[in-house]
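S.K.: Numbering (the numbering used here), first residue to last: 141 to 502. This is the structure, below, for whatever I ask next.
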Amino acid sequence: MVVGYIAPVCVASETHAVTSPGTMAEANVPGQTPLDPAAPIKGRATLRGHLAICRIDHWFKNVFVLPGIVAAYGVDPTHVSPDLWQRVVIGLASICLVASSNYVINEVLDAPSDLSHPVKHKRPVPSGKVNIPLAYVQWIALMVVGVALGRLISPAFMFTALFLWVMGCIYNIRPVRSKDLPYVDVLSEAVNNPIRMLAGWFITGTPSVAPASLLLSYWMVGCYFMAMKRYAEFRDIADAPRAAAYRKSFAFYTEERLLVSIMFYGSAAMLFLGAFAFRYRLELVLAFPLVSLVMALYLMIAFRKDSAVQRPEGLYKEPTLMVAVVTCAVVVCVALLVDMPVLQKVFQPTAPTIEQQSAAKP
Numbered sequence: 141m142v143v144g145y146i147a148p149v150c151v152a153s154e155t156h157a158v159t160s161p162g163t164m165a166e167a168n169v170p171g172q173t174p175l176d177p178a179a180p181i182k183g184r185a186t187l188r189g190h191l192a193i194c195r196i197d198h199w200f201k202n203v204f205v206l207p208g209i210v211a212a213y214g215v216d217p218t219h220v221s222p223d224l225w226q227r228v229v230i231g232l233a234s235i236c237l238v239a240s241s242n243y244v245i246n247e248v249l250d251a252p253s254d255l256s257h258p259v260k261h262k263r264p265v266p267s268g269k270v271n272i273p274l275a276y277v278q279w280i281a282l283m284v285v286g287v288a289l290g291r292l293i294s295p296a297f298m299f300t301a302l303f304l305w306v307m308g309c310i311y312n313i314r315p316v317r318s319k320d321l322p323y324v325d326v327l328s329e330a331v332n333n334p335i336r337m338l339a340g341w342f343i344t345g346t347p348s349v350a351p352a353s354l355l356l357s358y359w360m361v362g363c364y365f366m367a368m369k370r371y372a373e374f375r376d377i378a379d380a381p382r383a384a385a386y387r388k389s390f391a392f393y394t395e396e397r398l399l400v401s402i403m404f405y406g407s408a409a410m411l412f413l414g415a416f417a418f419r420y421r422l423e424l425v426l427a428f429p430l431v432s433l434v435m436a437l438y439l440m441i442a443f444r445k446d447s448a449v450q451r452p453e454g455l456y457k458e459p460t461l462m463v464a465v466v467t468c469a470v471v472v473c474v475a476l477l478v479d480m481p482v483l484q485k486v487f488q489p490t491a492p493t494i495e496q497q498s499a500a501k502p
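See the structure below:
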């Protein structure tokens, strides 16, 4: 049985122990004033607790499906399905349910380490508001319903939704549990970005596949934001042993290493976006300054104490960032949907291209 394997291997091997479905033991963590470790946190499982671990408030992240729809329409408009709006609703519901399945297993398996976090120890599982066996049933049920909805779109979309779930398992479940591995944690979590874009692409009904340059750019953007979240968390905890108790990859990370990785991901994202723009949609160069502005503002916010970067669901409270994001989204949509022939003249090659050199060879 899956549950029988996961529960003892993933939970019992952590620093802290799950003492019962609704009971978790607190432990002494350097730099923290803990509760009496002999007095376990007790609580009773509630419907609200089980709804909370679905993280419905995180469903907004699935807006990353929408750029895939817009990109597919901009690159291949002749193959867009006539019932697009119905497919969008079903597709978003599918991805949201699969994402919630991943959130559920994340909440359950992270509960022991969440006890070492100044805020996350109040989450439903460590505070005893979730029945653990029932949570495993909830995890599987959400996946099954989500993937089944995906089949109504197309087999390609269904397998994309299933891939999203598999990546959630790789990220959370031993023996891999990639979230514990430095750098791999960011790469494996951010891969959900291109998966969501691919889902949006398939929602349109086009038989083509999203270009690799676009998917890689979307992946690196996700890595940029995820590494920023790690950086903000690491700075705020400000205690290496305590940080490592909360997130194992923090035993390796330093502020300098995280900042260097952020620079790498940001640069790679723009390079791949440039490759996509110049091969498929040159008009996107108009959005480059705004994309850069959004990334710069996000970095600025990450330097603040207890910044919203740690909890992306609170970023709507950053008005400057929101204005930049909305403006950038509008410009990207216009660039994908409106042809601007003048840009072809502005960026016309002035030196021999590879194609011209190849054609000139005997």
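Even for Gly, the Cβ is constructed at its ideal location relative to N, Cα and C.
Who are the Cβ neighbours of Y420 in its own chain at under 7 Å, not counting the five residues just before and after it?
M.R.: Closer than 7 Å at the Cβ level, and outside the excluded window around Y420, lie V215, P351.
S.K.: Assuming G406 and Y364 are in contact, meaning their beta carbons sit under 8 Å apart, how far apart are those beta carbons, in whole angstroms?
M.R.: At roughly 5 Å, the Cβ-Cβ gap stays under 8 Å, so G406 and Y364 are in contact.
S.K.: Is it buried or exposed, R184, if we count other Cβ atoms within 10 angstroms and call 16 or more buried?
M.R.: It is exposed - the Cβ of R184 has fewer than 16 other Cβ atoms within 10 Å.
S.K.: Taking only three categories from DSSP, how would you classify V265?
M.R.: Three-state result, V265: coil.
S.K.: How many angstroms separate the CA atom of T173 from the CA atom of P258?
M.R.: Because the pLDDT of T173 is 35, which lies under 50, any placement of that residue in the model is unreliable, and the number read from its coordinates should be weighed accordingly. Taking the straight line from one Cα to the other gives about 10 Å.
S.K.: Going by other Cβ atoms of all chains shown within 10 Å of its Cβ, with 16 needed for buried, is R314 buried or exposed?
M.R.: Burial call: exposed.
S.K.: Would you mind sorting S261 into buried or exposed? The rule is 16 or more other CB atoms within 10 Å of its CB.
M.R.: The question names Ser, yet the displayed sequence has His at residue 261. Answer is buried; the Cβ neighbour count reaches 16.
S.K.: Run through DSSP, which three-state label would I313 get?
M.R.: Residue state, collapsed to three classes: coil.
S.K.: If distances are taken between C-alpha atoms only, which option among A372, M337, F342 comes closest to F89?
M.R.: Examination of residue 89 is not possible in this model, given that the chain is present from 141 through 502 alone.
S.K.: What do you get for K319, buried or exposed, if any count of 16 or more other CB atoms within 10 angstroms of its CB means buried?
M.R.: Label assigned to K319: buried.
S.K.: Using a Cβ-Cβ cutoff of less than 7 Å, which residues in the same chain neighbour M462 once the five nearest sequence positions on both sides are dropped?
M.R.: Taken in chain order, the residues that qualify are Y456.
S.K.: L255 by DSSP, collapsed to three states: which one?
M.R.: L255 falls in the coil class under three-state DSSP.
S.K.: Should D250 be labelled buried (16 or more other beta-carbon atoms within 10 Å of its own) or exposed?
M.R.: Burial call: buried.
S.K.: Is it true that the CB of V326 sits closer than 9 Å to the CB of S401?
M.R.: Yes, the Cβ-Cβ distance between S401 and V326 is below 9 Å.
S.K.: Please report how far the alpha carbon of V211 lies from the alpha carbon of V205, in whole angstroms.
M.R.: Correcting the residue type first, residue 211 is Ala in the shown sequence and not Val. Each residue's Cα considered, the two are about 10 Å apart.
S.K.: How about Y107 and P492: are their beta carbons less than 9 Å apart?
M.R.: Absent from the structure is residue 107, since the part of the chain shown begins at 141 and ends at 502.
S.K.: Start and end of the alpha helix (DSSP H) containing W279?
M.R.: Its alpha helix (DSSP H) spans residues 272-293.
S.K.: Could you check the C-alpha separation between C236 and W225 for me, to the nearest Å?
M.R.: Distance between the alpha carbons of C236 and W225: 17 Å.
S.K.: So, is G362 buried or exposed, given that buried needs 16 or more other C-beta atoms within 10 angstroms?
M.R.: Burial call: buried.
S.K.: Give me the residue from E423, M366, A436, Q496 with the minimum Cα distance to P322.
M.R.: Closest option to P322, Cα to Cα, is M366.
S.K.: By DSSP, does F299 sit in helix, in strand, or in coil?
M.R.: If DSSP states are grouped into helix, strand and coil, F299 belongs with the helices.
S.K.: Quick one, are the C-beta atoms of N242 and Y311 less than 9 Å apart?
M.R.: Contact flag set, yes.
S.K.: Work out the CA separation of A383 and P170 for me, nearest whole Å.
M.R.: Confidence at P170 is low in this model, with a pLDDT of 37, below 50, so its placement is unreliable and the value that follows should be read with caution. Cα to Cα, P170 sits roughly 9 Å from A383.
S.K.: For H190, report the span of its alpha helix (DSSP H) as first-last.
M.R.: Counting along the chain, the alpha helix (DSSP H) containing H190 begins and ends at 187-192.
S.K.: Look up A179 in the DSSP assignment and say whether it is helix, strand or coil.
M.R.: At A179 the pLDDT is 36, less than 50, meaning the model places this residue with poor confidence; the figure from the coordinates comes in the next sentence. It is coil, neither helix nor strand.
S.K.: Hey, L483 and V425: beta-carbon distance below 9 Å or not?
M.R.: A contact, by the Cβ cut-off of 9 Å.
S.K.: Looking at A520: is its Cβ nearer than 9 Å to the Cβ of A372?
M.R.: Residue 520 lies beyond the residue range present for the chain, which begins at 141 and ends at 502; the question has no answer from this structure.
S.K.: Taking the alpha-carbon positions, what's the I245 to W279 distance?
M.R.: Distance between the alpha carbons of I245 and W279: 6 Å.
S.K.: Ignore the nearest five residues each way along the sequence and tell me which others in R291's own chain have a CB closer than 7 Å to its CB.
M.R.: Taken in chain order, the residues that qualify are M298.
S.K.: Helix, strand or coil: which one does DSSP assign to V205?
M.R.: V205 falls in the helix class under three-state DSSP.
S.K.: With a CB to CB cut of under 7 Å and the five nearest residues on each side skipped, what residues in its chain are close to G189?
M.R.: Taken in chain order, the residues that qualify are P264, K269, V270.
S.K.: Do the CB positions of A275 and I193 come within less than 9 Å of each other?
M.R.: Yes, the Cβ-Cβ distance between A275 and I193 is below 9 Å.
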